[in-house]
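Visitor: Structure in structure tokens, see below.
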Ligand SMILES: [Zn+2]
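The following block contains the structure:
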């Protein structure tokens, strides 16, 4: 078989396997795995690990104290001397608490697969599993070692997995992230905004609002002025946004507010903008005499700039075309672990997971017939990268 028809051959092989994909997806979804509940998350981890072990992959379970264990899976299973590594990255935790299945059961209706974590991103893990199966079955010669990393805390900021992800990414020539795609056409994510959280605390001076207003420094007023100031830094076209989404301050209506606080969601599409925004925030100075500002926080995930994805995206598009599929790209306003690997300069392509809709919501679902296609696309990328 020539290389040029490998993607089409992979797709032919995978299409009839949809029923098996669905049954494994069902098992993954029935094992609820909220990021914040270690015991159920660990049960899901064990089920995922078992599927990979069945295929002879080398599975390492990396124990975590407070979160579900992470899984590192290597292929080929024996330590090969192949130079180079490809990283397939995803998470098995979901935003849905235990018991969600009772009101949001796993079900397939009109070609859509519903259930907590189907779209974000258990279907992605299933697709990766079948991608490996297909490569194995077709005896595609792999040029590089493949490492699959399934983590347990992506939905809560990846505190326990970040180091592991970064270490593995540094050893890799490319990273394929199985986060959901966008829209019915399954757009890949070739850029993602950097995301962070800043906290602005104003210290004023309390005083009786009626008897001695001149002695007070109103922290709420100062905070309002600061918000009005940084609100003007928003630049939708450049992908810069700041939103004070939580504010609090003051104690009683007749006491001039001594303290006020805002938590600000910050996002930027470019690295340079991220740095500038952080600098500007930390350079904020009080506008009211006697007030003091305390600024905390900053970006948690740097932006994934398109240049880090461009080459992998062209490859994906041409492989998809060989399967008779057309594939597009988009910019995502939210971050993922792809931001972490892209920030290291490692070529990263995100949104390779499921096609569907409704992430983090009650109507979360995957379009069933796309699962073999996406598995074939990933398999082809792994063979051709
Ligand atoms: Zn996700």
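In the working numbering, the protein residues as written are 219 to 603.
We put the beta carbon where it would ideally sit given N, CA and C, even for glycine.
This one's a predicted model, so the numbers in the text were calculated from it and none came from an experiment.
How big is the Cα-Cα spacing for residue 485 and residue 464?
Guide: 16 Å
Visitor: On the three-state DSSP scale, how would you describe residue 374?
Guide: helix
Visitor: If you follow the beta strand (DSSP E) that residue 303 is part of, which residue opens it and which one closes it?
Guide: 303 to 309
Visitor: Going along the chain, which unbroken runs of the beta strand (DSSP E) with 3 or more residues stay wholly within the stretch 423 to 474?
Guide: 459 to 467
Visitor: Within 10 angstroms of the Cβ of residue 527, are there 16 or more other Cβ atoms? Answer buried if so, exposed if not.
Guide: buried
Visitor: Quick test of the definition: if touching needs 3 or more C-beta pairs under 8 Å, does the stretch 401 to 419 touch the stretch 319 to 337?
Guide: no
Visitor: For residue 303, which residues in the same chain have their Cβ closer than 7 Å to its Cβ, ignoring the five residues on either side in sequence?
Guide: 362, 363, 365, 389, 390, 391
Visitor: By the DSSP assignment, the beta strand (DSSP E) with residue 533 in it spans what residues?
Guide: Premise fails: residue 533 lies in the alpha helix (DSSP H), 528 to 540, not in any beta strand (DSSP E).
Visitor: Using three-state DSSP, classify residue 501 as helix, strand or coil.
Guide: coil
Visitor: Taking Cβ positions, are residue 556 and residue 385 nearer each other than 8 Å?
Guide: no
Visitor: Please classify residue 436 as buried or exposed, where buried requires at least 16 other C-beta atoms within 10 Å of its C-beta.
Guide: buried
Visitor: Could you pull the start and end residues of the beta strand (DSSP E) that residue 330 belongs to?
Guide: In the DSSP assignment, residue 330 falls within the beta strand (DSSP E) that extends over 330 to 332.
Visitor: Quick one: what's residue 263 bridged to in DSSP?
Guide: The partner list for residue 263 (beta bridge, DSSP) is empty, contrary to what the question assumes.
Visitor: What are the partner residues of residue 561, as DSSP defines its beta bridges?
Guide: Residue 561 is not bridged to any residue.
Visitor: Quick one: complete alpha helix (DSSP H) runs, 4+ long, within the stretch 544 to 602?
Guide: 555 to 561, 588 to 602
Visitor: Mapping DSSP to helix, strand and coil, what is residue 219?
Guide: Confidence at residue 219 is low in this model, with a pLDDT of 45, below 50, so its placement is unreliable and the value that follows should be read with caution. Reduced to three states, the DSSP call for residue 219 is coil.
Visitor: Kindly examine ligand 1 and report whether one of its heavy atoms sits closer than 7 Å to the Cβ of residue 582.
Guide: no
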